[in-house]
Every structure is written in structure tokens, then in C-alpha cells.
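S.K.:
Numbering (full-length UniProt numbering), first residue to last: 1 to 238.
Here it is, written out as C-alpha cells:
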């Protein structure tokens, strides 16, 4: 029997500000992601996809509902205890560390042997084509390069779940197309469970096993690309 790696049940996210009308960013979201599955959260800005990702990671509180990872409730745990690796759209690199040190940080914290750390960093750097900037600092590289460093730093880790927020949005179209194939192969070969946020239908189709289409904080349909096209749940999906 295929096990659900991630389960979201009745998830709500409500943002409240004094003197302002509350914003209901995510409404009654139910979703189950299988072990080893690659899922895209697809939708336009403000649809609730990034809020959903941040709640899974633990960077946003859940207003209602529950999140379980590998059968273990995690919505009450701090981010560091969730066994989740995340690549942020805003990069979030450590300025005092070189690119190599940024990628290796979590591996060193896990006390892996130095030779294993070096091997993993070199391997992921080749995959995302940043081996020529490993000794540079974040301030000395471009936005697209910083995005690839953030992606490498997430994928190099051992985690139960990988969360990627617009992971290739700053890259040139040709490089983006190349990396899509490489990243999908890496995730599939290692049986990694991953969720990524995108507004790009082409990217969602190229990478994901299933696509969660979101609009207005509501999950419109969660299905394969073939089913979305052949049996859309509503006019919005169609």
C-alpha cells in the first residue's frame, strides 16, 4: 500500500491586522501527498500557494486544521524539528559564508564526515551549474546564481520533505528547462518527496506528478496533468 507522506486536513490561514479586514489566505485545504511524489502548487499571486508552503515548513502558524508528515503531527512543531528542507524565493543565504559553506552548512551541522560533505556539495553544484562560484560570497553573485545556491542548499540535505518556493523563477529560460529535467531525475532517483510553488503551467507540467490548482485560497483540483486537461473540476481549471 502506498503511504501518504504528507497529510493536510482542514487547513485554514487567516491573516489579521488591527483596523483591517482579515484576509482568508487558505480555506479548508485537504490534501495528501504520497511518499516519493512531486507535487506542484499552481496559481497566480495571492492564491494561497506560498502561505500553504510556509505553513508546512512551520514559518506560518496554522489558523485551523492539522498537518502530518510520515504520520507524525508537525503543525505544532518548530521548523527545525519538522525534517523539512526549503528553498526560499528570497534565497535567505548566509552573507558571511561562501557559496560552498552555505551549501555545506546543514551537512556539517549533521556532523557528516568531511569527505562526504565535499562529495555532496560538489555533486549538487555540478547539477545546478554553480561549481565555478563555490568560493564566492552571496554579495558577489547574481540573483539567478543565488537562487541556484538556495536550491542546492535544500536538495543536498537529508529530509523527509523538500519544499521549493518558485525554485527557478529568476533563471534564463534555457537554463530553467535544463535544470527542470535534472531536478526531476534527482528527485525520482532518490525517491524524494517534494512540493514546489509556481505560477508557471509549463514548469508544473514538466516537474510534477500531480498539480494542485489554487485560486482565492481554495484548492480547485488536485490531479495529474492528464486528468486536469481531460476532466477539469470546474471552469477555472478548464
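For each residue, glycine too, the CB sits at the ideal point set by N, CA and C. None of these values were measured; they are calculated from a predicted model.
Check this for me: beta carbons of residue 218 and residue 64, under 9 Å apart or not?
M.R.: Taking the first residue of the chain shown as position 1, residue 218 is located at position 218. Taking the first residue of the chain shown as position 1, residue 64 is located at position 64. In this structure, residue 64 does not lie closer than 9 Å to residue 218 by Cβ.
S.K.: Please report the distance separating the alpha-carbon of residue 17 from that of residue 54.
M.R.: Sequence index remark: in the chain shown, residue 17 carries index 17 (1-based). Sequence index remark: in the chain shown, residue 54 carries index 54 (1-based). Their backbone Cα atoms lie some 19 Å apart in a straight line.
S.K.: Going straight from the alpha carbon of residue 96 to that of residue 30, what length do you get?
M.R.: Counting from one through the chain shown, the residue named residue 96 turns up at place 96. Counting from one through the chain shown, the residue named residue 30 turns up at place 30. The alpha-carbon atoms of residue 96 and residue 30 are separated by roughly 41 Å.
S.K.: Using the rule of at least 16 other Cβ atoms within 10 Å of the residue's Cβ for burial, across every protein chain shown, is residue 152 buried or exposed?
M.R.: The residue labelled residue 152 in the question sits at position 152 within the chain shown. Looking at its Cβ environment, which holds 16 or more other Cβ atoms inside 10 Å, residue 152 is buried.
S.K.: Would the beta-carbon of residue 208 fall within 9 Å of that of residue 164?
M.R.: Counted from its first residue, the chain shown places residue 208 at position 208. Counted from its first residue, the chain shown places residue 164 at position 164. Cβ distance not < 9 Å, so residue 208 and residue 164 don't count as in contact.
S.K.: Going by DSSP in three states, residue 146 sits in which element: helix, strand or coil?
M.R.: By one-based count along the chain shown, residue 146 stands at place 146. In the structure shown, residue 146 sits in a helix (DSSP, three-state: H, G or I).
S.K.: Say yes only if the C-beta of residue 116 is nearer than 8 Å to one or more non-hydrogen atoms of the ligand ATP, and no if none qualify.
M.R.: With respect to small molecules bound, the structure shown includes none, and the ligand ATP cannot be examined in it.
S.K.: Tell me whether residue 222 sits in a helix, a strand or coil according to DSSP, three-state version.
M.R.: By one-based count along the chain shown, residue 222 stands at place 222. Note: residue 222 maps to strand in three-state DSSP.
S.K.: Determine which residues share a DSSP beta bridge with residue 214 and list them.
M.R.: Walking along the chain shown from the start, residue 214 turns up at place 214. Bridge partners of residue 214: 219.
S.K.: Where DSSP assigns a beta bridge to residue 196, which residues make up the other side?
M.R.: In the chain shown, the residue the question calls residue 196 occupies position 196. The partner list for residue 196 (beta bridge, DSSP) reads 40, 164.
S.K.: Taking the alpha carbon of residue 59 as the reference point, which residue from 71, 84, 70 has its own alpha carbon closest?
M.R.: Residue mapping note: residue 59 aligns to position 59 of the chain shown, counting from 1. When only C-alpha atoms are compared, the closest one is 84.
S.K.: Just mark residue 204 as buried or exposed, buried being the case when its beta carbon has 16 or more other beta carbons within 10 Å.
M.R.: What you label residue 204 is simply residue 204 of the chain shown in a count that begins at 1. Buried, by the Cβ-count rule.
S.K.: Assuming residue 210 and residue 39 form a contact by the criterion Cβ under 8 Å, report the distance between their Cβ atoms to the nearest whole angstrom.
M.R.: Numbered from its first residue, the chain shown carries residue 210 at position 210. Numbered from its first residue, the chain shown carries residue 39 at position 39. About 5 Å separates the two Cβ atoms, so the contact holds.
S.K.: Under 9 Å between the Cβ atoms of residue 69 and residue 6?
M.R.: Residue numbering aside, residue 69 sits at position 69 when the chain shown is read from its first letter. Residue numbering aside, residue 6 sits at position 6 when the chain shown is read from its first letter. Yes. Within cutoff.
S.K.: Does DSSP put residue 25 in a helix, in a strand, or in coil?
M.R.: Your numbering for residue 25 matches position 25 in the chain shown. If DSSP states are grouped into helix, strand and coil, residue 25 belongs with the strands.
S.K.: Helix, strand or coil for residue 6? Go by DSSP, reduced to three states.
M.R.: Residue numbering aside, residue 6 sits at position 6 when the chain shown is read from its first letter. DSSP places residue 6 in strand when its eight states are reduced to three.
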